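Notes to accompany the following structure.
Protein chains in written order, with my numbering: chain A, -19 to 270; chain B, 24 to 362.
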């Protein structure tokens, strides 16, 4: 393998990693606050991708602008999800919680199959084919936009969690639910907002992703699995961990793809997960102050 | 004793279903698939419902069984009498390795589920890229022109029904004997409170591993059967996450606290899916229905359909016993549900 191909793999790996991070951060936020793993996380990404696609295909809205519509819509979806299902799932055993979100994932996938058919859909614009050439490395404009937007949003989310009262409340609930409740925090409202933010981040990712990657009913399942890998590799509930985990997974995947076959590259994230679970089950960046 | 009676009743029902279906190939197919998924769900639930270990990668063992048969038959011409034990041995070995690794670090709950899923996914992608295993196109088993018992190849479907029906009943009897043994009580103690069980001197790691191995062996047996029955395996059908999810769906809907609960789930949903698929042309309509059922039942009926009926039946029995005792009023005589 030439050095140029290796460099290209590193750059696309990092670009993918930034997008993975934004997907994983929603999952880790919801888990951190509510101790529920949302197996339907990727399906909301799939919905956001379709929303981005259709607002471009039917209304001619640039995916960059449709973020402004899709994000609030997905936040609302998060609130509805909390109010209709997750609120009740908090009181049942873990295995039933898993069944509820798995059931939702199956339901959304197959509803999408009925509504949108199994065809692949992609936003193609003049800038889709444009790229920036830096020596042996080519970066697509759209990839660069998605990567930049993702890092910006991650930064904003980080500030939101660290600097605002609401972020403080969320962190308090994730550290100790009972302690937070005793201090007069309205747990139900924190849960509702955690779902809104966790699902809402996908409203940014979806429209950006649909100009890079085909949308189809099963695209979400792939990302759910990758997001699991990332949050466990990074450390569940940790922001920096999600970013680090996403970069590790993105890089490993794209370097393995340059070296070996595509199916070997697809197995790589899971191999990393197994390694991490065996060597450091708490994840790379589990917060010391529990 | 009552549960041995349950096994007898279930054996009778399975036999009755077999004879009712034996006249028609379509019904026999439904019977065979119901037994296949039923056995898988019962074996999955031995871990999840009876020991408290949720696996999301159980398709791995089905895949190992199915691929052992398909690879052995297509590459070496090995008969099932060689490949079935091979598949089970490989599955037991895989379960031992995965179990030792996972239990050593005390993975449980979501973490155990996702670790098993990760092993399953690695196997899925490795098989999908392996030329000797037919990549994602799968393997078609060699078929000769005439029936052969040694190759488990029959034109009629009923011999397959006989085999998988026997496997199902064998699984239930094994499970029942285990549940009545010391091991079974330890498993339930681990499920209810692992720390307390360990404090009382139960070797959690060894017992969980035993459960994992037994469950994996049964799943692998089903996989081997599937390869011989369908005569075609590919990664999606025997290694896909959908298969593991199906085991969970049947168990939750049937009832996880009972050994035979998942069988009830499979007996309702498998025929329903097949019939519905025959009626509508909408792709995945059966999955939409059972996904809704899964969400609703997981929230409002956590003990599942079979669990609900058993609890009701026990309550009515207890009420009747109380009612014949003079002086006891009905309001006092209300035992806790499910106790």
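Don't be surprised by glycine CBs; every beta carbon is placed ideally from N, CA and C.
From a predicted model like this one, the values you see are computed outputs, not experimental measurements.
Quiz prompt | Residues of the stretch 141 to 166 of chain B with Cβ closer than 9 Å to any Cβ of chain A, in chain order | solution = 141, 142, 143, 144, 145, 146, 147, 148, 149, 150, 151, 152, 153, 158, 159
Self-check item: Cutoff 7 Å: residue 213/A Cβ touching any chain B Cβ
Solution: no
Quiz item: How would you label residue 97/A, buried or exposed, when you count the other beta carbons within 10 angstroms and need 16 or more for buried?
Solution: exposed
Practice problem: Could you give the DSSP three-state label for residue 345/B: helix, strand or coil? | Solution: helix
Quiz item: Closer than 7 Å, Cβ to any Cβ of chain B: which residues of the stretch 81 to 94 of chain A, in chain order?
Solution: 82, 83, 84, 86, 87, 90, 91, 93, 94
Quiz item: Any residues in the stretch 291 to 319 of chain B with a beta carbon nearer than 7 Å to a beta carbon of chain A? Which ones, in chain order?
Solution: 305, 306, 307, 310, 311, 314, 315, 317, 318
Quiz item: Taking the continuous beta strand (DSSP E) assigned at residue 279/A, which residues delimit it?
Solution: Since the displayed chain A opens at -19 and closes at 270, residue 279/A lies outside it and no answer follows.
Exercise. Use the C-beta contact count for residue 94/B: other C-beta atoms within 10 angstroms, 16 or more gives buried, fewer gives exposed.
Key: buried
Quiz item: Once you ignore the five residues that flank residue 212/B on each side, which residues in its own chain have a CB closer than 7 Å to its CB?
Solution: 220, 225
Quiz item: Under 7 Å Cβ-Cβ, which residues of chain A neighbour residue 137/B?
Solution: 208, 212
Practice problem: Measure the C-alpha to C-alpha separation of residue 326/B and residue 265/B and round it to an integer number of angstroms. | Solution: 23 Å
Quiz item: So residue 117/B packs on residue 250/B, CB below 8 Å; how close in whole Å?
Solution: About 17 Å separates the two Cβ atoms, so there is no contact after all.
Exercise. Per DSSP, which residues does residue 111/A bridge with? Please list them.
Key: 120/A
Self-check item: Environment of residue 110/A [buried if 16+ CB atoms lie within 10 Å]
Solution: exposed
Quiz prompt | Assigned secondary structure, residue 155/A (DSSP; H/G/I helix, E/B strand, else coil) | solution = helix
Quiz item: Could you give the distance in angstroms between the alpha-carbon of residue 295/B and the alpha-carbon of residue 14/A?
Solution: 35 Å
Quiz prompt | residue 76/A at chain B interface by Cβ criterion, 7 Å | solution = yes
Practice problem: List the residues that DSSP assigns as beta-bridge partners of residue 163/B. | Solution: 255/B
Quiz item: Along chain B, in chain order, which residues have C-beta atoms closer than 8 Å to that of residue 73/A?
Solution: 325
Quiz item: Closest by CA to residue 142/B, which one among 264/A, 253/A, 263/A, 262/A?
Solution: 253/A
Practice problem: Could you name the residues of chain A that residue 69/B contacts, counting a contact when the two beta carbons are closer than 9 Å? | Solution: Going along chain A, no residue has its Cβ under 9 Å from residue 69/B, so there is no contact; the nearest lies around 14 Å.
Quiz item: Taking a cut of 8 Å between CB atoms, which residues from the stretch 47 to 64 of chain B lie near chain A?
Solution: none
Self-check item: chain B contacts from the stretch 239 to 259 of chain A (Cβ-Cβ distance under 7 Å)
Solution: 241, 243, 244, 246, 247, 250, 251, 253, 254, 257, 258
Quiz item: Given residue 355/B, which residues of its chain have a CB within under 8 Å of its CB, disregarding the five upstream and five downstream residues?
Solution: For residue 355/B, the predicted model reports a pLDDT of 49, less than 50, meaning its position is unreliable; a value from the coordinates is still stated below. Contacts found: 345.
Quiz item: Since residue 195/A sits in a beta bridge, which residues does DSSP pair it with?
Solution: 101/A
Quiz item: Looking at chain B, which residues of the stretch 6 to 18 of chain A have a Cβ within less than 8 Å of any of its Cβ atoms?
Solution: 17
Quiz prompt | Counted within 10 angstroms of its Cβ, other Cβ atoms place residue 269/B as buried (16 or more) or exposed | solution = buried
Exercise. Measure how close the beta-carbons of residue 188/A and residue 52/A come, nearest whole angstrom, since I'm counting them as under 8 Å.
Key: No, residue 188/A and residue 52/A are not in contact; Cβ-Cβ is about 16 Å, not under 8 Å.
Quiz item: Rounded to a whole number of angstroms, what is the C-alpha to C-alpha distance between residue 21/A and residue 78/B?
Solution: 20 Å
Quiz prompt | Distance between residue 247/B and residue 283/B (C-alpha atoms, nearest Å) | solution = 22 Å
Quiz prompt | Extent of the continuous alpha helix (DSSP H) to which residue 105/B belongs | solution = 103 to 127
Quiz prompt | Pick from 245/B, 244/B, 202/B, 257/B that is closest to residue 230/B, judged by C-alpha positions | solution = 202/B
Quiz item: Residues bridged to residue 176/B by DSSP?
Solution: 171/B
Quiz item: So residue 181/A is in the alpha helix (DSSP H); what residue range does that whole segment cover?
Solution: 167 to 189
Quiz item: Quick one: is residue 340/B buried, meaning 16 or more other Cβ sit within 10 Å of its Cβ, or exposed?
Solution: exposed
Quiz item: Using CA coordinates, which residue listed in 212/A, 204/A, 154/A is at the minimum distance from residue 260/A?
Solution: 212/A
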